[in-house]
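Numbering of the sequence shown is given in our numbering, commencing with residue 3 and proceeding in unit increments. Here a beta-carbon is modelled for each residue, glycine too, at the ideal position from N, C-alpha and C. Source: prediction; values computed, not measured.
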Amino acid sequence: MKNIIIYGAGGFGRETSLLLNQINLHTPHWNVLGYCDDGKTPREKVDRFAVLGGMNYLNEFKEELNVVIAIADPGTREKIKNQLINQRLRFPALIHPSVFVSENCSVAEGSIICAGVFMTVNIHIGSFAIVNLKCTLGHDSVLDSFSSLMPSVNISGNVRIGRGVYVGAGAILLQGISVGDYSLVGAGAVVNKSFESEKRIIGVPARSI
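Shown next, in the form of structure tokens:
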């Protein structure tokens, strides 16, 4: 069993604790030491685990340690990663046992793939991305680093989602489009054309506001 700490003791952090437990029920692998969260009090109990400290606790850790950054907001997650400078820290990708991943898909370090996700062929998930519950990703699509897909997002084939993009629950991205870096796609949007970086995209059909 490998030791791991969850950074982030909010809602998604607690869901990540559940994910780790479900991985262990399938194949015992992770020993969860607890949470780190700079917004919580050390020794505070969150569900089954205690808060051990914050950023300093991880940066001062003296042994090799696995860490998962369980923060749904892309910008916050990227900022936290940049502040974790301890060379002993490792950031494994976590994939729920129910996820369908074909042989020629790749999932980079630090990413979290939740229950019920379906990834078809030639899909690349960048580092520290989140694919939440019951998302589908079509052939030849790319989800770049630090992006977040909320539950039940449907991505068609040949879609490229840039770095640090947040896609709200139930959004649909149609064939061949791209969404530029650090954009936000609202919940339930139907995206039928491409958008440049740093756009707020909402509606059916989707438009930039």
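Inter-residue spacing [alpha-carbon to alpha-carbon] between residue i and residue j
i: residue 68; j: residue 74; result: 19 angstroms
i: residue 108; j: residue 162; result: 15 angstroms
i: residue 33; j: residue 158; result: 36 angstroms
i: residue 123; j: residue 5; result: 32 angstroms
i: residue 38; j: residue 8; result: 6 angstroms
i: residue 206; j: residue 191; result: 6 angstroms
i: residue 14; j: residue 72; result: 6 angstroms
Option in the options with minimal Cα separation from residue i
i: residue 213; options: 127, 102, 148 and 151; result: This structure leaves residue 213 out entirely; the chain is present only between 3 and 211.
i: residue 121; options: 204, 154, 9 and 93; result: 154
i: residue 2; options: 31, 40, 176 and 90; result: There is simply no residue 2 to check, as the chain begins at 3 and stops at 211 in what is shown.
i: residue 59; options: 50, 44, 49 and 145; result: 44
i: residue 3; options: 22, 160, 10 and 147; result: 22
i: residue 25; options: 116, 171 and 183; result: 116
Strand pairing of residue i, partner residues [DSSP]
i: residue 52; result: 47
i: residue 9; result: 38 and 71
i: residue 31; result: According to DSSP, which records beta bridges pairwise, residue 31 is partnered with nothing at all.
Sequence-distant residues of its chain with Cβ nearer than 6 angstroms to residue i (five each side left out)
i: residue 169; result: 151, 155 and 187
i: residue 54; result: 36 and 38
i: residue 138; result: 120 and 156
i: residue 48; result: 11 and 37
Contacts around residue i, its chain only, beta-carbon distance under 7 angstroms, and the 5 residues preceding and following it disregarded
i: residue 118; result: 100, 135 and 136
Closer than 7 angstroms: residue i CB and nearest the ligand FMN heavy atom
i: residue 169; result: Among the ligands in the structure shown, none appear at all, so the ligand FMN cannot be discussed.
* **alpha helix (DSSP H) segments (min. 4 residues) lying fully within the region 53-80** => Segments of the alpha helix (DSSP H) lying fully in the region 53-80: 57-61.
* **Unbroken stretches of the alpha helix (DSSP H), 4 residues or longer, contained in the region 154-203** => Whole alpha helix (DSSP H) segments, 4+ residues: zero.
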